[in-house]
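See below for the structure under consideration.
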Amino acid sequence: MKDLLRLRTSLTEEIEALLNEQIKTEAYSSAVYLSMASWCNRNGFDNSAGYLEKQSYEEREHMMKLFRFVNDMGGRAISPEITNIPQEFDSFKGVFELALQQEIHVTSQFNRMADRCFKAKDFMTFQFIQWFLKEQIEEEYVARRILELFDVIGEEGTGRWQIDKHIPKVTYGEDPGE
Ligand code: FEO
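Counted the way our numbering counts, the sequence shown spans residues 7 to 184.
Right, dumping it as structure tokens:
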């Protein structure tokens with residue numbers, strides 16, 4: 007029966023497993039961004055809390071994009087079990103250090119998937135994940151720029167208040183001339 011089902015999809019077991027792993031990672035990212043939002047809210051960083059809530063929604067959308075793709079391709083998308091979500095963070099800066107780390111991890115997973123798709127000649131999935139690879143340029147850029155605010159503005163005095171005010175304004179814009 008399993009082999010029969012496999013004949014009805016172009017997804018190999020390996021690529022399907024990688025896609026399901028990514029569904030789980032995006033769900034984890036969504037949950038962590040939400041716990042970061044709660045921490046920022048509790049510690050008086052309201053603008054950052056709003057920004058992180060928005061990030062959490064976006065990660066959920068990423069998860070759903072992948073989830074639908076797996077099912078649309080005739081595979082079996084798995085609703086992930088998410089555990090071990092940190093609820094406490096060492097510092098305001100620590101929240102954003104972790105955010106950048108998580109984004110770099112996501113990029114490496116998509117790079118690995120692109121490599122596996124290429125080797126398996128799965129050009130449909132390869133093409134599908136191009137959107138995510140492009141998105142990662144933006145996600146990493148914004149996370150890096152936010153972290154830089156801590157050095158540029160400094161945390162002393164009203165520094166953290168200023169940083170919190172600037173965080174939602176950090177955006178990624180490609181040069182229109184290019
Ligand atoms: Fe969906 Fe921020 O990676």
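Glycine included, C-beta positions come from ideal geometry on N, C-alpha and C. What you are looking at is a predicted structure, and each value in this text was computed from that prediction instead of being measured.
Cβ neighbours of residue i in the same chain (closer than 6 Å, five flanking residues each side left out)
| i | result |
| --- | --- |
| ALA37 | ILE88 and ILE91 |
| GLN61 | TYR39 |
| GLN133 | none |
| GLY165 | ILE159 |
| ASP78 | none |
| TYR178 | GLU144, TYR147 and VAL148 |
| TYR57 | ILE173 and PRO174 |
| ARG14 | GLY80 |
| VAL76 | LEU25 and ALA83 |
| GLU59 | ALA43 |
Residues near residue i by beta carbon distance below 8 Å, same chain, minus five either side
| i | result |
| --- | --- |
| MET185 | The question about residue 185 has no answer here: the residues shown for the chain are numbered 7 through 184. |
| GLN93 | SER41, SER44 and TRP45 |
| GLN142 | GLU109, VAL112, THR113 and PHE116 |
| THR31 | HIS111, VAL112 and GLN115 |
| ILE176 | Checking the sequence, you will find Val at residue 176 rather than Ile. So the qualifying residues of the chain are VAL148, ARG151, ILE152 and LEU155. |
| GLY163 | none |
| GLU146 | LEU106, GLU109, ILE110 and THR113 |
| GLU47 | A small correction: the amino acid at residue 47 is Asn; Glu does not occupy that position in the sequence shown. Within the same chain, ASN47 has close Cβ partners ALA55. |
| CYS123 | ILE21, PHE129, THR131, PHE132 and ILE135 |
Cβ shell of residue i (< 7 Å), same chain only, five flanking positions each side left out
| i | result |
| --- | --- |
| PHE156 | LYS99 and ILE169 |
| PHE51 | PHE98 and ASP170 |
For residue j and residue i, believed in contact at Cβ under 8 Å, the rounded distance
| i | j | result |
| --- | --- | --- |
| SER85 | GLU65 | That pair is no contact at about 15 Å. |
| ASN53 | PRO174 | 5 Å |
| GLY81 | LEU139 | Contact flag wrong, Cβ pair sits at about 20 Å. |
| MET69 | ALA126 | Wrong, their Cβ atoms sit about 23 Å apart, outside the cutoff. |
| ALA83 | PHE73 | 4 Å |
Residue-chain proximity (residue i, chain B), Cβ-Cβ < 9 Å
| i | result |
| --- | --- |
| LEU17 | Here there is only one protein chain, and chain B is not present. |
* Asked: Does the segment 101-118 come within contact of the segment 137-153, defined as at least 3 CB pairs closer than 8 Å?
  -> yes
* For ligand 1, list every residue whose C-beta falls under 6 Å from any of its heavy atoms, going in chain order. => GLU32, SER35, GLU65, HIS68, GLU109, VAL112 and GLU145
* To do: Within the segment 92-174, note down every full alpha helix (DSSP H) run reaching 4 residues or more, in order along the chain.
  => 98-125, 129-134, 136-159 and 165-172
* Asked: Whole alpha helix (DSSP H) runs in the segment 44-76 with 4 or more residues, listed along the chain?
  -> none
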